[in-house]
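Novice:
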Amino acid sequence: DTGVSQNPRHKITKRGQNVTFRCDPISEHNRLYWYRQTLGQGPEFLTYFQNEAQLEKSRLLSDRFSAERPKGSFSTLEIQRTEQGDSAMYLCASSYSREQFFGPGTRLTVL
Amino acid sequence: QQPVQSPQAVILREGEDAVINCSSSKALYSVHWYRQKHGEAPVFLMILLKGGEQKGHEKISASFNEKKQQSSLYLTASQLSYSGTYFCGTPIQGAQKLVFGQGTRLTINP
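These protein sequence lines map, in sequence, to chains F and S.
Note that this note's numbering has the first sequence beginning at 585, numbered continuously upward.
Note that this note's numbering has the second sequence beginning at 5, numbered continuously upward.
(1) Along the region 26 to 53 of chain S, what residues have a CB closer than 8 Å to any CB found in chain F?
(2) Could you work out which residues of chain S lie near residue 696 of chain F, taking near to mean beta carbons separated by less than 8 Å?
(3) When the distance is taken between beta carbons, is residue 669 of chain F closer than 9 Å to residue 593 of chain F?
(4) Under 9 Å between the Cβ atoms of residue 633 of chain F and residue 653 of chain F?
(5) Please list, in chain order, all residues of the same chain as residue 80 of chain S whose beta carbon is under 6 Å from its beta carbon, the five residues on each side excluded.
(6) If the cut is a Cβ gap below 9 Å, which residues of chain S does residue 692 of chain F touch?
(7) Answer yes or no: does any C-beta atom of chain S fall closer than 9 Å to that of residue 627 of chain F?
(8) Cutting at 7 Å between CB atoms, please list the residues of its own chain near residue 650 of chain F, excluding the five before and the five after it.
(9) In chain S, which residues lie less than 9 Å from residue 561 of chain F when you measure between Cβ atoms?
(10) Using the C-alpha atoms, what's the distance from residue 687 of chain F back to residue 24 of chain S?
(11) Residue 6 of chain S by DSSP, collapsed to three states: which one?
(12) Can you pull the chain S neighbours of residue 643 of chain F, defined as C-beta to C-beta under 7 Å?
(13) Check the Cβ-Cβ distances between residue 640 of chain F and every residue of chain S, and say whether any is below 9 Å.
(14) Rounded C-beta distance between residue 14 of chain S and residue 110 of chain S? I'm assuming under 8 Å.
(15) According to DSSP, what are the bridge partners of residue 36 of chain S?
(16) Excluding the 5 residues flanking residue 88 of chain S on each side, which residues of the same chain have their C-beta closer than 7 Å to its C-beta?
(17) Which residues of chain S have a Cβ atom closer than 8 Å to the Cβ of residue 683 of chain F, listed in chain order?
(18) Mind checking residue 612 of chain F: buried by the 16 CB within 10 Å criterion, or exposed?
(19) If I'm right that residue 35 of chain S touches residue 75 of chain S with Cβ under 8 Å, what's the distance once you round it to whole angstroms?
(20) Count the other C-beta atoms from every protein chain shown that fall within 10 angstroms of the C-beta of residue 103 of chain S, then say buried if there are 16 or more, exposed otherwise.
(21) Tell me, please, which residues DSSP counts as bridged to residue 88 of chain S.
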């Protein structure tokens, strides 16, 4: 068990570009979550999958954000037409029951 | 809706004790505690499910008072490795997502 992994760990992009992040959850974990964290704040929920079904999406999430988990294993989070306000740490977590285990995150910087 | 943590920051000497509180204006069904070091992912410490439940993890323990809608994290005989930001998270009723407090930054000095 290698834990939750995320790639890339860091991403620098120019405003207006699209970016995609990948999350590989702990094997056998059927639930996968995406959170966003800005400096000095706790993680903020973005979206949640149970197996391949996206069951919940934050109302704060704009239409520029989309997430998939096509085979119920890894997940991708895409941000289109990035804005400077999208700069943050994007965290993925997985769970089998109630406990959620976080990955190392992808730090996005939008210039 | 976001739980409130207090204090916002604590500075201790190694070996001293600390208490971090997490309270909510809404009913708490469970409380999840995490520790996050700078630039790293939040690390799961423990989850409390029942009113009045207490749990321990090394020299870190926690209590959960469902009626008072609050939880407290106790760190005894603190070690340098305990430094970091502690977050409490609570699920919204009927949902899987966690809503986190703003965090408590703990600094342990030798």
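For every residue, glycine included, the Cβ atom is placed at its ideal position computed from N, Cα and C.
Specialist: So, from the data block:
(1) Taking 8 Å as the Cβ-Cβ cut-off, the region 26 to 53 of chain S approaches chain F at 34, 36, 38, 44, 45, 46, 47, 48, 51, 53, given in chain order.
(2) The first residue shown for chain F is 585 and the last is 695, placing residue 696 of chain F beyond what the model contains.
(3) Result no, Cβ atoms of residue 593 of chain F and residue 669 of chain F do not sit closer than 9 Å.
(4) The beta carbons of residue 633 of chain F and residue 653 of chain F sit closer together than 9 Å.
(5) Here the set comprises 21, 63.
(6) By Cβ distance, chain S contributes nothing, its closest Cβ being about 14 Å from residue 692 of chain F, past 9 Å.
(7) The beta carbon of residue 627 of chain F falls within 9 Å of a beta carbon belonging to chain S, placing the residue at that interface.
(8) The beta carbon of residue 650 of chain F lies closer than 7 Å to those of 662 in the same chain, with the five residues before and after it left out.
(9) Outside the displayed range of chain F (585 to 695) lies residue 561 of chain F, so it cannot be described from this structure.
(10) For residue 24 of chain S and residue 687 of chain F, the distance between alpha carbons rounds to 24 Å.
(11) Coil, per DSSP.
(12) Ordered by position in chain S, no residue passes the 7 Å Cβ test against residue 643 of chain F, which lies about 12 Å from the chain.
(13) Nearest CB-CB separation between residue 640 of chain F and chain S: below the 9 Å threshold.
(14) The Cβ separation is near 5 Å, so the contact holds.
(15) Bridge partners of residue 36 of chain S: S/51, S/93.
(16) Short of 7 Å from the beta carbon of residue 88 of chain S, and not among the five residues preceding or following it, lie these beta carbons of its own chain, in chain order: 39, 40, 41, 110.
(17) Those are 36, 48, 51, listed as they occur along chain S.
(18) Under this definition residue 612 of chain F is an exposed residue.
(19) Confirmed, Cβ separation roughly 4 Å.
(20) Buried, since its Cβ has 16 or more Cβ neighbours within 10 Å.
(21) Paired residues: S/110.
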